[in-house]
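Add 1458 to the 1-based position in the sequence shown for this note's numbering, that's all there is to it. C-beta atoms are modelled at their ideal positions from N, C-alpha and C, and glycine is treated no differently. Here is the structure we will look at, set down as structure tokens.
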Amino acid sequence: LNVIYKKTKRLAETDHLTQLANRHRFHQLATRELASPPSHLWVIYVDLDNFKYVNDKYGHELGDNLLKVFSTHIKNACQKFSQQY
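Shown next as structure tokens:
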């Protein structure tokens, strides 16, 4: 039962396409981190300019692949940190 709970929790907190933590998980962790004494906390916001154009012109399959590749680069660049969203 514990295995099923952990798998369900991970699915609920992770974007299925990029395998990055989703906004819900970000809010949970940010609330927890900001409630404790200051420590090292970095927030980097990335916006893919004209991403809608990519989806509209080249299709959602290519757009999905672009997101997967981009998220892999984010994970690799930030792998020594605990969470990436």
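Asked	Found
9 Å Cβ cutoff met for Leu1492 and Ser1529	no
Given Tyr1503 as reference, the closest of Glu1519, Arg1481 and Val1512 once Cα atoms are compared	Arg1481
Helix, strand or coil at Thr1476 according to DSSP, with G and I counted as helix	coil
Nearest to Val1527 (by Cα), restricted to the options Thr1489, Lys1538, Leu1487 and Leu1506	Leu1506
Backbone secondary structure at Ser1529 - three-state DSSP	helix
Identity of the residue in Phe1484, Gly1517 and Tyr1511 nearest Val1501 by Cα	Phe1484
Span of the alpha helix (DSSP H) around Tyr1503	Unbroken run through Tyr1503: none, as it is neither H nor E.
Proximal residues to Leu1525 (C-beta, below 7 Å), its chain only, five neighbours per side dropped	Leu1475 and Thr1476
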